[in-house]
Amino acid sequence: MSISAKDSALSELQKNSRPWIAGMVLLGGLAALTVLTFVSIATGSVHIPLETVWQAVTHFNPESQLHQVIRELRIPRAMTGILVGASLAVAGALMQGMTRNPLADSGLLGLNAGAGFAIALIFAFVPTLHSAGLLFCSFAGAAAAGGMVYGIGAMAKGGLTPFHLTMAGAAVSALFVALSTGIAVYFNIGLELSFWYAGGLGGVKWTQLDMMYPWSIAALIAALLLSRQITLLNLGDEVASGLGLRTGWVRAAALLIVMVLAGASVAVAGMIAFVGLVVPHVARGLVGVDYRWIIPCSAVLGSLLVITADVAGQWINPAYETPLGAVIALIGVPFFFYYIRRSGRGL
Amino acid sequence: MKKMMLSQGETRRHTRAMWVMAVFAVLIAVMFLISMNLGQIRLTPAEVFRTVAGHGTAKQELILFEFRLPEIIISILVGAGLALSGCLLQGVTGNALAEPGILGINSGAGLAVLVFVYFYPEELLGSVYLMPVLALAGAAAAAVLIYSLAYKKGQGMSAMRLVLGGIGTAAGINALTLVLSLRLDPQSHQLIYTWLAGSIRGTDWTYVAAFLPWLIILIPYALYQARVLNILTLGDSSAMGLGTSINRARFRIMALAVALAGACVAVGGAISFVGLICPHLARRLVGPKHQLLIPASMLCGALLMLVADAVTRGIAGSASLPVGVVVAVIGAPYFLYLLAKSRS
């Protein structure tokens, strides 16, 4: 790798990055997110006027039943939605950056499948396990799958290439999905499992949020800190190591972050596909190739998508809450199609 | 010209590929014989041999010729078809992850059947013949959607748009499938769940008769397209330089892959792993030339499905175990082992 090639790669990076748009996306996104959070808190089996929501936040009155509902049910639900959306989107952005494969996300890497397998085991053998145990196991499942993918990638001669990671992820994912299906068919628990996989924020309480948020927030911050290295990694291994980047370590760190992000979100909200794939794509389309912008924009857009879908899911059919994962796909897919059609030669 | 280009290295690779395929063929033959002996009712190899030679009892003949043989043959055919479909899709898109499962073609087939079950829950069990038709229609609909997303006037078809559109299609269809399947009664849900996981239990000769013509037409055509696929894998710019009409070639090969996948899903359910790993494994063994890659992939797929079918039949009490599950449980560890051993 010659110096001029390095320079041209870097100037290309500069040219294809749009900090202005990124700033606007962040500002506009955060504003929209604030509004939607209030809408989300107001939405539910009982509609609560926005003034009451505001009062419950500013002047909490323990006597009021509505204020109690807002405090104990609606706020944790909205907060979890925001965190899950941000986590899944950032996990996807990191995966796509480090594997240089625009199809990568935590689902494709097998982490969601690993968590799902752990849940299937619990449903089959310890159906009475309480929710904290369920959370912990799904977390362990994601970690196991992540460890397998990383281990396989690391054992290959020539180290963790993007190609090895992606292929190992697809295979581990297929393996865990198959094992879960086998268990579901054998123990006849397909329907229960499908309900769990369908995902949702319906039953989320502070206990789950309290367990999840330290992990998710720490991992999100770590992702932001790692964003410069991911940008370089995305230029290709040769350029990155030419610029003095220790690619193996960066990949290990990124994978660890992805594991935490995906494990925590799957644990509270079930298997939500698509956020990790679509959101980083859209973010990249808007702000260019610099992950210092892609990662924060993905976080904001991911939160927006999940919280909108959660509200929409309660609106579509109030008596029967439509599964969150399904609503996200139903909102995300047409948008994604439009995006694919519209975008130019980049795709 | 062609002879001059065959360097010594290429000749060696050619010889090696022939050996690989011969080994696959022998393994398939061995597995075929083993598989004939497996099942709920045990038949000794001598009994099998006698029955095949025409001297078995009526019961033995029934078990072998009406139950086991169609299953074994279907698993070989489905394995070969799925592997070929994956091989074609990977060649066309240039993405190692492209396969009918990931691109939503299997999901389309599944959704079509599910919609039918949802509206006419009583009729499915009596309509074994309707399922393949529905599956094929669903697969084709998904493929048309993917293709129309990928094709753009003036620019033609982009491989990247194709893969992304496929994944989006898969996600959308899976979401609809989930919403619908949660509203089924538990019994229909279990039936659909098992079928989606891939199952060839209960296959009879009519399936073979309906499925075989597809392969007889499509496989030679795929082999005929091998040269074009070689050019396509070189990338768009080189393909353009060589004067192949890329878009039309891509369309042809895509349609071929979809037809294969649709037919396979119709008979065997949504078995998703074969199309991913078999072409990959074959590429590793025989190299990237499609003249060798296509037959090697098909042999590999046939072997994998054959082994998986034998395992589901061999393990006592696993009658309801979907063959797709076994495929992944056998295939994935081996594939991971290969990945771990490989160099970049």
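Here the protein sequences come in this chain order: W and C. Numbers given in the numbering used here equal positions in the first sequence, counted from 1, plus 4. Numbers given in the numbering used here equal positions in the second sequence, counted from 1, plus 6. For each residue, glycine too, the CB sits at the ideal point set by N, CA and C.
Check                                                                                                                                                                                  : Outcome
Kindly indicate which residue of G118/W, S44/W, S231/W, G101/W has the alpha-carbon position closest to the one of M263/W.                                                             : G118/W
What does DSSP give as the partner residue(s) for K347/C in the beta ladder?                                                                                                           : None, per the DSSP bridge assignment.
Given a threshold of 16 other Cβ atoms within 10 Å of its Cβ, counted over all protein chains shown, does H51/W qualify as buried or as exposed?                                       : exposed
Can you tell me where the alpha helix (DSSP H) holding E242/W begins and where it ends?                                                                                                : 241 to 246
Answer yes or no: do Y199/C and I80/C have a C-beta to C-beta separation smaller than 8 Å?                                                                                             : no
Using a cut-off of 7 Å between C-beta atoms, extract the partners of F279/C located in chain W.                                                                                        : A178
At a CB-CB cut-off below 9 Å, which residues of chain C make contact with G89/W?                                                                                                       : Within chain C, no residue comes near G89/W; the closest Cβ sits about 16 Å away, beyond 9 Å.
Going along chain C in order, which residues have a C-beta closer than 8 Å to the C-beta of S198/W?                                                                                    : L184, S187, L188, H195, Y199
Taking its Cβ as the centre, do 16 or more other Cβ atoms sit within 10 Å of Q180/C, making it buried, or is it exposed?                                                               : It is Asn, not Gln, that sits at residue 180/C in the sequence shown. Per the 10 Å Cβ criterion, buried.
Name the residue from R56/C, L155/C, L136/C, A176/C whose alpha carbon lies nearest to the alpha carbon of R167/C.                                                                     : L155/C
Tell me the DSSP secondary structure of G132/C in three-state form.                                                                                                                    : Per-residue confidence for G132/C stands at a pLDDT of 49, beneath the threshold of 50, marking its modelled position as unreliable; the derived number appears in the next sentence. Three-state result, G132/C: coil.
Which of the three DSSP states, helix, strand or coil, is assigned to S251/C?                                                                                                          : coil
Mind checking whether V88/W and V272/W have CB atoms under 8 Å apart?                                                                                                                  : yes
Output needed in chain order: residues of the region 328 to 339 of chain C with a Cβ under 9 Å from some Cβ in chain W.                                                                : P328, G330, V331, V332, V333, A334, V335, G337, A338, P339
Tell me whether D315/C is buried or exposed, calling it buried when 16 or more other Cβ atoms sit within 10 Å of its Cβ.                                                               : buried
Could you give the distance in angstroms between the alpha-carbon of V181/W and the alpha-carbon of L88/C?                                                                             : 19 Å
Under 8 Å: do the region 85 to 102 of chain W and the region 254 to 262 of chain W share three or more Cβ pairs, one atom per stretch?                                                 : yes
Spell out a yes or no on whether the region 49 to 61 of chain C and the region 327 to 342 of chain C are touching, meaning 3 or more CB-CB pairs, one atom from each, closer than 8 Å. : no
In whole angstroms, give me the CA-to-CA distance for M216/W and I86/W.                                                                                                                : 12 Å
In chain C, what lies closer than 9 Å to L224/W by C-beta?                                                                                                                             : Going along chain C, no residue has its Cβ under 9 Å from L224/W, so there is no contact; the nearest lies around 24 Å.
Who are the neighbours of R288/W on chain C, taking C-beta pairs under 7 Å?                                                                                                            : In chain order: nothing, as chain C lies at least about 12 Å away.
When the Cα of V153/W is compared with those of L342/C, S348/C, G275/C, which residue comes out closest?                                                                               : L342/C
Take G186/W as the anchor and find which of H61/C, V329/C, L312/C has the nearest alpha-carbon.                                                                                        : V329/C
Mind checking if P106/W is an interface residue toward chain C, Cβ cutoff 8 Å exclusive?                                                                                               : yes
Going straight from the alpha carbon of W219/W to that of A268/W, what length do you get?                                                                                              : 7 Å
Apply the 10 Å Cβ neighbour rule to F125/C and answer buried if 16 or more other Cβ atoms are within range, or exposed otherwise.                                                      : exposed
When you compare only the Cα positions, how much space is there between L37/W and L308/W?                                                                                              : 6 Å
Taking the straight line between their C-alpha atoms, what separation do you get for V169/C and I111/C?                                                                                : 12 Å
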